[in-house]
Amino acid sequence: MIEVKNLSKHFGEKVAVDNISFTVEKGEVLGFLGPNGAGKSTTMRMVTGYLPPSAGDISVGGADILDEEIAAKSKIGYLPENAPLYSDMTVEDFLRFCAEMRRVPTDQIEDAVNKAIDTCFLQRVRHQSVDTLSKGFRHRTCLAQSIIHDPEVLILDEPTDGLDPNQKHEVRNLIKRMGETKAIIFSTHILEEVEASCSRAIIIDRGKIIADGTPDQLKKKARNAGAIFLRAGGLASTGIRQELEKLPEVQSVNVLESGDNSIVARVIPNKGKDKELPEAIFQLAVTKGLKVHELRVEEGRLDELFREITRPDTED
Amino acid sequence: MEATIALLLNFAIPTVIVAAIFIALLLFVLPREVRTIFKREVKSYFNSPIAYVCVFIFLVISNGITFWFGGLLESGEASLYISYFQYLPWYFVVVAPAVGMRLWSEEQRLGTMELMLTMPIAPWHAIVGKYLAASVVIFAMLVLSFPIVWVINYLGNPDNGVIMAGFVASFLTALCFLAVTSVVSAFTRSQIVALLISIGLCLLLWLGGLQPVSQAVASLKGGWLFVWPFLKFINIIGIIPHFSELAKGVLGLRDIIFFLSFIAFCLFSTAVVLRVKRA
Ligand SMILES: Nc1ncnc2c1ncn2[C@@H]1O[C@H](COP(=O)(O)OP(=O)(O)OP(=O)(O)O)[C@@H](O)[C@H]1O
Ligand SMILES: [Mg+2]
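Same order as they appear, the protein sequences are chains A and B. Heads up, the final residue of the first sequence is numbered 365 in the working numbering, and it's a clean run with no missing numbers. Heads up, the final residue of the second sequence is numbered 280 in the working numbering, and it's a clean run with no missing numbers.
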């Protein structure tokens, strides 16, 4: 549904998006991650046809965003960053206006508006003027606008920004549900959201894609993925460490905490040895009298991967 | 009685014709998207104080100056050009930018431009829809000026056709100023900046056709480096000659074409500015 090829965007000297390519199929939810200023919003603005790309091609549902602008745009629902709204309208009027602009047939506009209001929980404010709405309700109104014409493609720039925990939960579920029949791209700074609703995630840093995969694949890329978290005693801590390091399955041992007769450590396995490692540690218990209090295989965490591969702003 | 009916016909008919052109444009010529934007914008004008304030100020100033300073009553003369129409564009130099300043700057300030321009419409739909909505406010000002016509008919026996021509010329001039404002407002997110710059440009545009400028252009003849091309340029696009011809009742095709093509050029430029700003 969405095909992006070698897309770049320069603002003067500044490179905001640097030669990125990806595709999103129907039934996929793509999460966009990246530090502030990475180029997420800029990419989305190009995909929705707001910003013209400096280089590269974008097609949405088979229509090129530059050559068949209107055909491509009519397939898209878009929630811009900061949820802009016409402040002089009521919620209902605003949604009606958007439905009309999005070419919802006249006799279906009321239904579409009611459905969007229900989906985004706006009943309470439907007659309220937009400029008196609270931030979360503004955001939900703009979200309602993006789904009002039941588009095939949804581009959501930080859809859960400013929502309360209940609403965040609802919106994640909504995205997941809609993702079954649509192609969705959404950006977020909340990594649990990626696990909760994405089928795939891309991490962008300084305009470049630096990681791409399902949330599980990405988690496995974290340095600690597959490592073993171990709390043990029975021997002197230096002894435990030496015994662990002697094991052929072990690459290194990070001691997190050590007492006289106990240790808390992260044991990193050699490549391809992660399956055998727990067994080898239990073997130590039998042969050396090691007492294992706790042992678990670490899954790897997205936030760790994120921190490892995106450079902080200070390193320039 | 008869006079009143004649008067009504004289002014009701052209008013209805202009309104009908508007409605026909919207209903039959322009696409649905333009209509939708037009409706929203008109509502938003009349939901906020801006339209009422502009209309009110315009009416007070235009009528006030005509009655107290223009010597309309004393002269007893039945020509409105001298005491009324020749001043109208001066008010519009300020009032039209005040009406139009929000056209695109507001859209940029709110960020709604990002919504508007990602909808399945061509940018000119939005530009024309918004522009037409703003011109409704200007139209309302002129329609509400009709008491002056009534007064002048009460005083004497004017040529109402010429008066009508005065209104048409004023309307077209105001539309030109509005079109300039549309371009300027595309440049900035600040309404005040848009207002001030537009007033400046409209003033130049209005005065560019003045006699002294034409004389300066003739006498300088290419000297003075940049000043001459600039003077020459504003002299060519200067509105005054076109306005005064029309307003005196000489319905020249050339003048009408000047106005319409100037407006079209400005609206096109608005599209260019909006496009370049995003690139
Ligand atoms: N109109 C513009 N002119 C100049 N530079 C711009 C413009 N828009 C964006 N940028 C720059 O492009 C880079 C990417 O910005 P973008 O808004 O895409 O980041 P982002 O990933 O969405 O960040 P955030 O997480 O803060 O929303 C930034 O360095 C920004 O300063
Ligand atoms: Mg952003």
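The C-beta atom is built at its ideal place from N, Cα and C for all residues, glycine as well.
Do A/Ser301 and A/Ile317 have their C-beta atoms within less than 8 angstroms of each other? In the first sequence, counting from the first residue as 1, residue 301 of chain A sits at position 252. In the first sequence, counting from the first residue as 1, residue 317 of chain A sits at position 268. Yes; because the gap between Cβ atoms is below 8 angstroms, this pair is in contact.
Would A/Gly98 pass as an interface residue toward chain B - the criterion being a Cβ-Cβ separation below 8 angstroms? For the purposes of this step, residue 98 of chain A is identified with residue 49 of the first sequence, where counting begins at 1. Cβ-Cβ to chain B under 8 angstroms: yes for A/Gly98.
Three CB pairs or more closer than 8 angstroms across the stretch 275–293 of chain A and the stretch 99–108 of chain A: no
The stretch 324–341 of chain A contacting the stretch 245–260 of chain A, beta-carbon criterion three pairs below 8 angstroms: no
Show which residues of chain B have a CB atom less than 7 angstroms away from the CB atom of A/Glu149. Your numbering for residue 149 of chain A matches position 100 in the first sequence. Here the neighbours are Thr37.
Give a yes or no on contact between the stretch 47–61 of chain B and the stretch 152–167 of chain A, applying the rule of three or more CB pairs nearer than 8 angstroms. no
Can you tell me whether A/Asp206 sits near ligand 2, meaning its C-beta is under 7 angstroms from at least one heavy atom of the ligand? Reading the first sequence from its first residue, position 157 is the one you call residue 206 of chain A. Within the cutoff, so yes.
Let me check understanding here. Comparing Cα to Cα, which of B/Val194, B/Lys44, B/Val94 and B/Ile14 lies closest to B/Val137? Position 136 of the second sequence, counted from the start, is the residue given in the question as residue 137 of chain B. With distances taken between Cα atoms, B/Val137 lies closest to B/Lys44.
Is there a C-beta anywhere in chain B that falls below 8 angstroms from the one on A/Phe81? Residue 81 of chain A sits at position 32 when you count from the first residue of the first sequence. No, because no Cβ of chain B sits closer than 8 angstroms to the Cβ of A/Phe81.
Which residue marks the beginning of the beta strand (DSSP E) containing A/Ile307, and which one marks its end? In the first sequence, residue 307 of chain A corresponds to position 258, counting from 1. Checking the sequence shown, residue 307 of chain A turns out to be Ser, not Ile. Counting along the chain, the beta strand (DSSP E) containing A/Ser307 begins and ends at Val299 to Ser307.
Using the C-alpha atoms, what's the distance from B/Lys249 back to B/Val277? As a first step, residue 277 of chain B must be located in the second sequence, where it is residue number 276. As a first step, residue 249 of chain B must be located in the second sequence, where it is residue number 248. Near 41 angstroms, if we compare the C-alpha coordinates of B/Lys249 and B/Val277.
Element boundaries [beta strand (DSSP E), containing A/Arg249]: Position 200 of the first sequence, counted from the first residue, corresponds to residue 249 of chain A. Taken as a continuous stretch (DSSP letters only), the beta strand (DSSP E) holding A/Arg249 covers Arg249 to Asp254.
Of all the CB atoms in chain B, is at least one closer than 8 angstroms to the CB of A/Phe170? Mapped onto the first sequence, residue 170 of chain A falls at position 121. For A/Phe170, the answer is no, since every Cβ of chain B falls outside 8 angstroms of its Cβ.
Evaluate A/Thr181 with the Cβ neighbour count: other Cβ atoms within 10 Å of its Cβ, from every protein chain shown; 16 or more gives buried, anything less gives exposed. Indexing the first sequence from 1 puts residue 181 of chain A at position 132. With fewer than 16 other Cβ atoms within 10 Å, it is exposed.
Under 8 angstroms Cβ-Cβ, which residues of chain A neighbour B/Arg279? Residue 279 of chain B sits at position 278 when you count from the first residue of the second sequence. Neighbours of B/Arg279 on chain A, chain order: Tyr99, Leu100 and Pro101.
Check whether the Cβ of A/Ser90 lies closer than 7 angstroms to any heavy atom of ligand 1, and answer yes or no. Residue mapping note: residue 90 of chain A aligns to position 41 of the first sequence, counting from 1. Under cutoff, so the answer is yes.
A/Gly80 (DSSP reduced to helix, strand or coil): The residue given as residue 80 of chain A occupies position 31 in the first sequence. Strand.
Checking the sheet assignment: what are the DSSP bridge partners for A/Ser178? The residue you call residue 178 of chain A lines up with position 129 of the first sequence. Paired residue(s): A/Thr139.
According to the neighbour-count rule (16 or more other Cβ atoms, all chains shown, within 10 Å of its Cβ), is B/Tyr155 buried or exposed? The residue you call residue 155 of chain B lines up with position 154 of the second sequence. B/Tyr155 comes out exposed.
Relative to ligand 2, is the shortest distance from any of its heavy atoms to the C-beta of A/Ser236 smaller than 7 angstroms? Position 187 of the first sequence holds residue 236 of chain A. Result yes, Cβ under 7 angstroms from ligand 2.
For the stretch 79–95 of chain A against the stretch 224–242 of chain A, do three or more pairs of beta-carbon atoms, one drawn from each stretch, fall closer than 8 angstroms, so that the two count as touching? yes
Taking the beta strand (DSSP E) that A/Tyr127 falls in, what are its first and last residues? In the first sequence, residue 127 of chain A corresponds to position 78, counting from 1. Per DSSP, A/Tyr127 belongs to the beta strand (DSSP E) from Ile125 to Leu128.
Reference A/Glu328; option with closest CA among A/Leu293, A/Arg356 and A/Glu353: As a first step, residue 328 of chain A is located in the first sequence; it is residue number 279 there, counting from the start. When each option's Cα is compared against that of A/Glu328, the closest is A/Leu293.
Looking at C-alpha atoms only, which residue of A/Gly185, A/Lys122, A/Asn303 and A/Gln194 is the closest neighbour of A/Tyr135? Here residue 135 of chain A corresponds to residue number 86 of the first sequence, with the count starting at 1. When only C-alpha atoms are compared, the closest one is A/Gln194.
Using a Cβ-based criterion (distance less than 7 angstroms to any ligand heavy atom), does A/Lys63 qualify as near ligand 1? Here the question's residue 63 of chain A lines up with position 14 in the first sequence. Yes.
If you draw a straight line from the C-alpha of A/Asp67 to the C-alpha of A/Asn55, how long is it? Stepping through the first sequence from its first residue, residue 67 of chain A is reached at position 18. Stepping through the first sequence from its first residue, residue 55 of chain A is reached at position 6. Their Cα atoms are separated by approximately 8 angstroms.
In chain A, which residues lie with their C-beta within 8 angstroms of the C-beta of B/Leu10? Translated into the one-based positions of the second sequence, residue 10 of chain B becomes position 9. None at all; the shortest Cβ gap to chain A is about 37 angstroms.
Does DSSP put A/Thr359 in a helix, in a strand, or in coil? Counted from its first residue, the first sequence places residue 359 of chain A at position 310. It is coil, neither helix nor strand.
Just how far apart, CA to CA, sit B/Arg294 and A/Thr155? Any property of residue 294 of chain B remains undetermined from this structure, which presents chain B solely from 2 to 280.
Less than 8 angstroms between the CB atoms is what I'm expecting for B/Gly239 and B/Val273, so what's the real figure, rounded? One-based indexing of the second sequence puts residue 239 of chain B at position 238. One-based indexing of the second sequence puts residue 273 of chain B at position 272. B/Gly239 to B/Val273, Cβ: 23 angstroms. No contact.
Using CA coordinates, which residue listed in B/Leu89, B/Tyr88, B/Phe68 and B/Leu104 is at the minimum distance from B/Gln192? Numbered from 1 along the second sequence, position 191 holds the residue referred to as residue 192 of chain B. Here the closest residue by C-alpha is B/Leu104.
Between B/Val218 and B/Leu232, is the Cβ-Cβ spacing less than 8 angstroms? To locate residue 218 of chain B, count along the second sequence from 1; it is residue 217. To locate residue 232 of chain B, count along the second sequence from 1; it is residue 231. Yes, the Cβ-Cβ distance between B/Val218 and B/Leu232 is below 8 angstroms.
Any heavy atom of ligand 1 closer than 7 angstroms to the beta-carbon of B/Ala187? What you label residue 187 of chain B is simply residue 186 of the second sequence in a count that begins at 1. False, no ligand heavy atom lies under 7 angstroms from that Cβ.
Select from A/Thr97, A/Phe143 and A/Arg360 the residue whose C-alpha is nearest the C-alpha of A/Asp254. Residue numbering aside, residue 254 of chain A sits at position 205 when the first sequence is read from its first letter. That would be A/Arg360, whose Cα lies nearest to the Cα of A/Asp254.
Taking Cβ positions, are B/Leu27 and B/Phe39 nearer each other than 8 angstroms? Residue numbering aside, residue 27 of chain B sits at position 26 when the second sequence is read from its first letter. Residue numbering aside, residue 39 of chain B sits at position 38 when the second sequence is read from its first letter. Cβ atoms of B/Leu27 and B/Phe39: closer than 8 angstroms.
Taking 8 angstroms as the threshold (beta carbon to beta carbon), is B/Pro121 in contact with chain C? Reference to chain C is not applicable here, since the protein chains of this structure are A and B.
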